[in-house]
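Engineer: Residue numbers (my numbering): 18 to 390.
Quick one: structure below, then a few questions.
What follows is the structure, given as structure tokens:
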């Protein structure tokens, strides 16, 4: 593949920069203009080799090698790679008036299965971190439940946290990579250390980090939502036969003097959740007698979507102590039709639990006191 080998100069063995012509005189350093396009030729350093195609042979002062002339451009590039690999030096090739540097070095790249494994490990770490966060914030989620937050609210909160972690992690990671590249190449002057980066890679790294954090947070988000609205197994166990009348004691105490606040609050919340005109599940809330000895909130609930099942719920308060009222719930079946009756009863009972918890959390606030005066 090599057509000719032409000697262009002579150099001393121990002084490679001393270039001589065939007569023995040192060739001066000079610039030779090529044409009006601005292409110029300069003498090469002693650690460079020039490879050019046959039709574009310039007069270069070379050292530590020869001017190799190739007819085939592909063969020229292969030869440049072999020379750079064997001599461990950069090689300059000239094609159609343009010079390119060919170097052989180690390039670290991650793709395919190794990249997938790293992404999976990152997702696993993110999932474990989110699960630990859910476990540590159980009391916080209970407060959210008392304030009336539903599962969707908790999912949005957890999803926002995952997105923030993805954005911050991806952005900080990309900036740290750029900083390390700058320190290694500029400050530490490590030759050949170059970090390939671009705006596309920067955006891509952030997007990948957000995707990993979001996808790996799906299961922890579901667990967090269960802390607000427990599953059927974690709800109150109504031990009696739901198709028969029964009464259970509730673990709530209403402070004396606040019963009117509690009655109005409970009535308004129930009517907001189950409007009397709803076509699925509706409630008609009425207030029975209210005295210093006790009170009764009567709830006529109808499950319209399941063959008009209905029941009466009576939330009662008994004055057993001068400081508070003890509460109980009485359920009276009116019409038991279809297979959804048990779920219908559990739904009303669970919403009553949330309403009472929310009121117990808020009733001491001055705003609520003034509202019900």
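We put the CB at the ideal spot given by N, CA and C, even for glycine.
1) Please state whether DSSP places residue 89 in a helix, a strand or coil.
2) Exposed or buried, what is residue 96 when buried is set at 16 or more other beta-carbons lying within 10 Å of its beta-carbon?
3) Which stretch, first to last residue, makes up the beta strand (DSSP E) that contains residue 350?
4) Along the chain, where does the alpha helix (DSSP H) containing residue 370 start, and where does it finish?
5) Could you please give me the residues that DSSP links to residue 263 through a beta bridge?
6) Measure the C-alpha to C-alpha separation of residue 358 and residue 326 and round it to an integer number of angstroms.
7) Could you tell me whether the region 275-285 touches the region 297-309, using the rule of 3 or more Cβ pairs below 8 Å?
8) For residue 138, which option in 186, 216, 233, 150 has the closest C-alpha, if you only look at C-alpha atoms?
9) Cα-Cα, which of 331, 101, 345 is closest to residue 337?
10) Would the beta-carbon of residue 101 fall within 7 Å of that of residue 120?
11) Where do the N-terminal and C-terminal ends of the alpha helix (DSSP H) with residue 152 fall, by residue?
12) Evaluate the contact criterion for the region 292-301 versus the region 312-322: three or more CB pairs, one atom per stretch, below 8 Å.
13) What are the residues that DSSP puts in a beta bridge with residue 330?
14) Measure the Cβ-Cβ separation of residue 264 and residue 347 and say whether it is below 7 Å.
15) Taking DSSP as the reference, what is the three-state secondary structure of residue 309?
16) CB-CB under 6 Å to residue 272, same chain, minus the five flanking residues each way: which ones, in chain order?
17) DSSP three-state label for residue 115, please.
18) Specify the secondary structure class of residue 297 as computed by DSSP and reduced to three states.
19) Does the beta-carbon of residue 88 have 16 or more other beta-carbons within 10 angstroms, so that it is buried, or is it exposed?
20) Quick check: residue 149 and residue 230, are their CB atoms within less than 7 Å of each other?
21) Return yes when the Cβ of residue 172 is within less than 7 Å of the Cβ of residue 238, no when it is not.
22) Within 10 angstroms of its Cβ, does residue 291 collect 16 or more other Cβ (buried), or is it exposed?
23) Please report how far the alpha carbon of residue 111 lies from the alpha carbon of residue 91, in whole angstroms.
24) What's the C-alpha gap between residue 371 and residue 378?
25) Enumerate in chain order the residues of its own chain whose CB-to-CB distance from residue 188 is below 6 Å, with the five nearest sequence positions on each side excluded.
26) To which residues of the same chain is residue 140 closer than 6 Å at the C-beta, ignoring the five residues directly before and after it?
27) Quick one, are the C-beta atoms of residue 186 and residue 132 less than 7 Å apart?
28) Here's a check: name, in chain order, each residue in its chain whose Cβ is nearer than 6 Å to the Cβ of residue 282, leaving out the five neighbours to either side.
29) Could you check whether residue 297 and residue 362 sit closer than 7 Å to each other, using their CB atoms as the reference points?
30) With the cut-off set at 7 Å, would you say residue 219 and residue 199 are in Cβ contact?
31) With a threshold of 16 other CB atoms inside 10 Å of the CB of residue 391, please say whether the residue is buried or exposed.
32) So is residue 354 buried or exposed if we call it buried at 16+ other beta carbons inside 10 Å?
Structural biologist: In short:
1) DSSP places residue 89 in coil when its eight states are reduced to three.
2) buried
3) 341-352
4) 358-379
5) Partner(s): 348.
6) 7 Å
7) yes
8) 233
9) 345
10) In this structure, the beta-carbon distance from residue 101 to residue 120 falls below 7 Å.
11) 130-153
12) yes
13) 316, 348
14) yes
15) coil
16) 341
17) strand
18) In this structure, DSSP gives residue 297 a state outside helix and strand, which the three-state scheme calls coil.
19) exposed
20) no
21) yes
22) buried
23) 13 Å
24) 11 Å
25) Excluding sequence neighbours, residue 188 sits near 223.
26) 229, 233
27) no
28) 376
29) no
30) It is not a contact, given that the beta carbons lie outside the stated cut-off.
31) Outside the displayed range of the chain (18 to 390) lies residue 391, so it cannot be described from this structure.
32) Residue 354 comes out exposed.
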